[in-house]
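Asks:
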Amino acid sequence: MAAKIVLYGLLDHRERIQEDGVIGLVGFPGSRGFVNPMIKVYFNLNEITTSTIINVGVNFPPEILKRAERSSFFVLGNDHRVYDISDQFKRLLFLCRQANLNPSMPEYKREGERISTQMNWKIREILRPD
244 MAAKIVLYGL
254 LDHRERIQED
264 GVIGLVGFPG
274 SRGFVNPMIK
284 VYFNLNEITT
294 STIINVGVNF
304 PPEILKRAER
314 SSFFVLGNDH
324 RVYDISDQFK
334 RLLFLCRQAN
344 LNPSMPEYKR
354 EGERISTQMN
364 WKIREILRPD
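For what it's worth, my numbering labels the leading residue of the sequence shown as 244, then goes sequentially.
This is the structure in structure tokens:
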């Protein structure tokens, strides 16, 4: 039952989930071994990477940063609604990629840290018990 609620909630954000993309998930039940195949089937995708995230930071593997354009990020709230904070996640990945490419320009890293802090606050707010 919980898996159905989650998948239906994600279907509301279908346009955000792209082929060969990265999906950040917070508060979603199930393991990646279950979630990945379900998302592939429901969204008719051949390749997708899901990542269960506990705390958003500024260090991502290069293969994730390469797919920033195709990334999305969702939080399953205690109210069983799926919240979309993909725009912030994409921005964060772009900044982290620029920080890696331009280590002499610390403003990229600082801005990435600011966005990751905002995302963590938003996630805590969504997950806060009523």
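Each residue gets a CB set at the ideal place from its N, CA and C atoms; glycine is no exception.
Whether or not the stretch 273-288 and the stretch 348-362 are in contact is what I'm after, with contact meaning three or more pairs of Cβ atoms, one per stretch, closer than 8 angstroms; do they touch?
Replies: no
Asks: For Cys-339, which residues of its own chain have a beta-carbon under 7 angstroms away from its beta-carbon, when the five flanking residues on both sides are left out?
Replies: Here the question's residue 339 lines up with position 96 in the sequence shown. So the list reads Val-301, Phe-303, Leu-308 and Gly-355, once near-sequence residues are dropped.
Asks: Quick one: what does DSSP say Leu-308 is sitting in, helix, strand or coil?
Replies: Against the sequence shown, residue 308 aligns to sequence position 65. Residue state, collapsed to three classes: helix.
Asks: For my contact list, Arg-324 and Gly-264 are in at a C-beta cut-off of 8 angstroms; report their separation, rounded to the angstrom.
Replies: To locate residue 324, count along the sequence shown from 1; it is residue 81. To locate residue 264, count along the sequence shown from 1; it is residue 21. That belief does not hold up - the Cβ atoms of Arg-324 and Gly-264 are roughly 22 angstroms apart, past 8 angstroms.
Asks: Anyone know if the C-beta pair for Ile-297 and Glu-262 falls short of 9 angstroms?
Replies: Position 54 of the sequence shown, counted from the start, is the residue given in the question as residue 297. Position 19 of the sequence shown, counted from the start, is the residue given in the question as residue 262. In this structure, the beta-carbon distance from Ile-297 to Glu-262 does not fall below 9 angstroms.
Asks: Measure the Cβ-Cβ separation of Phe-286 and Arg-257 and say whether it is below 9 angstroms.
Replies: In the sequence shown, the residue the question calls residue 286 occupies position 43. In the sequence shown, the residue the question calls residue 257 occupies position 14. Yes, Cβ-Cβ distance for Phe-286 and Arg-257 is below 9 angstroms.
Asks: If you follow the alpha helix (DSSP H) that Ser-315 is in, where does it begin and where does it stop?
Replies: By 1-based counting over the sequence shown, the position of residue 315 is 72. It is not in any alpha helix (DSSP H) - Ser-315 instead sits in the beta strand (DSSP E) that spans 314-319.
Asks: For Ile-328 and Phe-317, I'd like the C-alpha separation in whole angstroms.
Replies: Taking the first residue of the sequence shown as position 1, residue 328 is located at position 85. Taking the first residue of the sequence shown as position 1, residue 317 is located at position 74. Their backbone Cα atoms lie some 6 angstroms apart in a straight line.
Asks: Per DSSP, what are the beta-bridge partners of Ser-294 in this structure?
Replies: Looking up residue 294 in the sequence shown gives position 51. For Ser-294, which the question treats as bridged, DSSP gives the partners Gly-267.
Asks: How should Tyr-251 be labelled, buried or exposed, when 16 other C-beta atoms within 10 angstroms of its C-beta is the threshold for buried?
Replies: Position 8 of the sequence shown holds residue 251. Burial call: exposed.
Asks: Can you give me the C-alpha to C-alpha distance between Lys-365 and Ile-358, rounded to a whole angstrom?
Replies: Along the sequence shown, read from residue 1 onward, the residue named residue 365 stands at position 122. Along the sequence shown, read from residue 1 onward, the residue named residue 358 stands at position 115. When rounded, the separation of the alpha-carbon atoms in Lys-365 and Ile-358 is 10 angstroms.
Asks: In chain order, what residues of the same chain have a beta carbon less than 7 angstroms from the beta carbon of Gln-341, not counting five sequence neighbours either side?
Replies: Position 98 of the sequence shown, counting from 1, holds the residue named residue 341. A distance below 7 angstroms between beta-carbons, with the five flanking residues on each side excluded, links Gln-341 to the following residues of its chain, in chain order: Tyr-351.
Asks: Let me confirm a value: Tyr-326 is counted as buried when at least 16 other C-beta atoms fall within 10 Å, else exposed. Which label applies?
Replies: For the purposes of this step, residue 326 is taken as residue 83 along the sequence shown, with counting starting at 1. Buried, by the Cβ-count rule.
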